[in-house]
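First residue of the sequence shown? That's 25 in the numbering used here, and the numbers climb one at a time after it. We put the beta carbon where it would ideally sit given N, CA and C, even for glycine. Encoded as structure tokens, the structure appears first; notes follow it.
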Amino acid sequence: MTLRLFTGNRMEVLIDALATLVHRHPLPVFEPEYIVVQSRGMQRWVSMELARRFGVWAGTEYPFPNRLVQQLFDWLGLSQPDSARFSREAMCWTCMRILPGMLQRESFTPLRSYLRHDRDGLKLFQLSGRIADTFDQYTLFRPDLLEAWERGGGDSAPDWQPELWRSLVAGGSGMHRGRLKSEFCRKVRHAPLPPGFPGRLSLFGISYMPPYHIEILEALAARIPVSIFLLSPTREYWPDIVSRRRLLRMSGSERELSTKGNPLLASLGRSGREFADLLLDAGGIETEENLYRDPGGDTLLHALQSDMLKLQGTGEEGERRPAPDPADRSVQVHSCHNPLREV
Numbered sequence: 025m026t027l028r029l030f031t032g033n034r035m036e037v038l039i040d041a042l043a044t045l046v047h048r049h050p051l052p053v054f055e056p057e058y059i060v061v062q063s064r065g066m067q068r069w070v071s072m073e074l075a076r077r078f079g080v081w082a083g084t085e086y087p088f089p090n091r092l093v094q095q096l097f098d099w100l101g102l103s104q105p106d107s108a109r110f111s112r113e114a115m116c117w118t119c120m121r122i123l124p125g126m127l128q129r130e131s132f133t134p135l136r137s138y139l140r141h142d143r144d145g146l147k148l149f150q151l152s153g154r155i156a157d158t159f160d161q162y163t164l165f166r167p168d169l170l171e172a173w174e175r176g177g178g179d180s181a182p183d184w185q186p187e188l189w190r191s192l193v194a195g196g197s198g199m200h201r202g203r204l205k206s207e208f209c210r211k212v213r214h215a216p217l218p219p220g221f222p223g224r225l226s227l228f229g230i231s232y233m234p235p236y237h238i239e240i241l242e243a244l245a246a247r248i249p250v251s252i253f254l255l256s257p258t259r260e261y262w263p264d265i266v267s268r269r270r271l272l273r274m275s276g277s278e279r280e281l282s283t284k285g286n287p288l289l290a291s292l293g294r295s296g297r298e299f300a301d302l303l304l305d306a307g308g309i310e311t312e313e314n315l316y317r318d319p320g321g322d323t324l325l326h327a328l329q330s331d332m333l334k335l336q337g338t339g340e341e342g343e344r345r346p347a348p349d350p351a352d353r354s355v356q357v358h359s360c361h362n363p364l365r366e367v
């Protein structure tokens, strides 16, 4: 099996593709369908749309991405009681406890200088919070780095981080997110799946997930069907699009290599571009039929959507569109309490 990717620029077309998948490959009657969403609003919309297509829709779980990952770990028996000590809050208090005893080491000179006049412990608390947050991000985005530290590596330069991390993980049996992911990817490929494990997984309306989650989905796709239904405003490759503001800060050679694309995609589509790039870089992903529809140009909104679909509308095509109909209200700007909300 492989991870299947459905892309399109219309949510109603993507939900049709999900309904077709469910209809052609039904699960056993009492086995729940798992559809991963990013908000409760999307959950309600998906439920109503599938009910409209099937007449009734029930027996479905709608976990958020982080909740799904935790459930997967629980199903394979990977969440140990001691794992809670790798939460940001727990790591903050652990750092406050062990840092003072490590400050005399040479590699901790920067921290010792920072905490020299800390009389009430406020600086220590704030510093520990920042360190805990950084380590928490490492477990999500750089588990390979933490694994090297735990093996005794990462000491090529005098740096206090590897030493502090090894002290933080010493003496416990729990696993942080990086270890949990590695163990899950190994176990899910070879171990028997327990009762209640999902028979199929679909992700709908997800705008971004870190590489951590994508690696878990790749491993999971080796055992069960996993499909991603991704809303994308254009069928073209667009991760290289940059905004005009950023373009002005680039050197001449960088500008030649950059793609200008549509201004709206450059300014408003950052997370979507990054997510599309991550999926393209991931191995074992099979791209299904592209589900794009050109809305035409009968309204201002459709003209904008069509421009983004074709990576046009940059103002450099020499094309002048006819003036919009004065009665066209497809795009409106409302008065809000600040410019960001208005946009």
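E57, enclosing beta strand (DSSP E) - first and last residue: Within the sequence shown, residue 57 is the residue found at index 33, counting from 1. Unbroken beta strand (DSSP E) run through E57: 57-60.
Residues in its own chain within less than 7 Å of L241 by CB, not counting five upstream and five downstream? One-based indexing of the sequence shown puts residue 241 at position 217. Result list for L241: L27, V250, in chain order.
Same chain, Cβ closer than 8 Å to L51, five either side skipped, listed in chain order: For the purposes of this step, residue 51 is taken as the residue at position 27 of the sequence shown. Closer than 8 Å at Cβ, skipping near neighbours: E57, G223, R224.
Thinking F208 and F97 are a contact (beta carbons under 8 Å), I'd like their distance in whole angstroms, please. The residue you call residue 208 lines up with position 184 of the sequence shown. The residue you call residue 97 lines up with position 73 of the sequence shown. Contact flag correct, Cβ pair sits at about 6 Å.
Between the CA atoms of Y138 and R34 - distance to the nearest angstrom: Taking the sequence shown and counting its residues from 1, one reaches residue 34 at position 10. Taking the sequence shown and counting its residues from 1, one reaches residue 138 at position 114. Counting only the Cα atoms, Y138 lies some 53 Å from R34.
Ends of the beta strand (DSSP E) at L254? Indexing the sequence shown from 1 puts residue 254 at position 230. Where L254 is concerned, the enclosing beta strand (DSSP E) stretches over 250-255.
What would DSSP say about R259, mapped onto helix, strand or coil? Here residue 259 refers to the residue found at position 235 when the sequence shown is read from its first residue. In this structure, DSSP gives R259 a state outside helix and strand, which the three-state scheme calls coil.
Anticipated Cβ contact below 8 Å, N314 with R365, distance rounded: Taking the first residue of the sequence shown as 1, we reach residue 314 at position 290. Taking the first residue of the sequence shown as 1, we reach residue 365 at position 341. About 34 Å separates the Cβ atoms of N314 and R365, ruling out a contact at the 8 Å cut-off.
The stretch 228-237 contacting the stretch 122-139, beta-carbon criterion three pairs below 8 Å: The stretch 228-237 makes no contact with the stretch 122-139, as fewer than three CB pairs between them are under 8 Å.
Where are the alpha helix (DSSP H) runs, 4 residues long or more, that stay fully inside the stretch 306-338, in chain order? Taken in chain order, the complete alpha helix (DSSP H) segments of 4 residues or longer contained in the stretch 306-338 are 324-334.
6 Å Cβ shell around A75 - same chain, five flanking residues per side excluded: Sequence index remark: in the sequence shown, residue 75 carries index 51 (1-based). Excluding residues within five positions, the ones whose Cβ falls inside 6 Å are W81.
Can you say whether H200 is buried or exposed, counting buried as having 16 or more other CB atoms within 10 angstroms of its CB? Here residue 200 corresponds to residue number 176 of the sequence shown, with the count starting at 1. Counting Cβ neighbours within 10 Å, H200 comes out buried, since at least 16 surround it.
Do you know how far the Cα of T323 is from the Cα of V355? For the purposes of this step, residue 355 is taken as the residue at position 331 of the sequence shown. For the purposes of this step, residue 323 is taken as the residue at position 299 of the sequence shown. Spanning the two alpha carbons is a distance of roughly 9 Å.
Beta-carbon separation (whole angstroms), F253 vs A41, contact threshold 8 Å: Here residue 253 is taken as the residue at index 229 of the sequence shown, counted from 1. Here residue 41 is taken as the residue at index 17 of the sequence shown, counted from 1. In this structure, F253 and A41 form a Cβ contact; the two beta carbons are roughly 6 Å apart against a cut-off of 8 Å.
For S226, which residues does DSSP report across the bridge? Working through the sequence shown from its first residue, we reach residue 226 at position 202. Answer by DSSP bridge pairing, in chain order: I59, S251.
Mind the definition here: the stretch 145-159 touches the stretch 114-130 only if three or more C-beta pairs lie below 8 Å; say whether that holds. The stretch 145-159, when compared against the stretch 114-130, does touch it at the 8 Å Cβ threshold.
Coil, strand or helix - V37 by DSSP: For the purposes of this step, residue 37 is taken as the residue at position 13 of the sequence shown. In the displayed model, V37 falls within a helix according to three-state DSSP.
What residue ranges within the stretch 81-107 form continuous beta strand (DSSP E) runs of no fewer than 3 residues, ordered along the chain? Counting only runs of 3 or more, we get nothing.
Environment of G177 [buried if 16+ CB atoms lie within 10 Å]: On the sequence shown, residue 177 is found 153 positions in, with the first residue counted as 1. When all chains shown are included, G177 counts as exposed.
Hey, would you say N286 sits closer than 8 Å to L335, going by beta carbons? By one-based count along the sequence shown, residue 286 stands at place 262. By one-based count along the sequence shown, residue 335 stands at place 311. For N286 and L335, yes; Cβs fall inside 8 Å.
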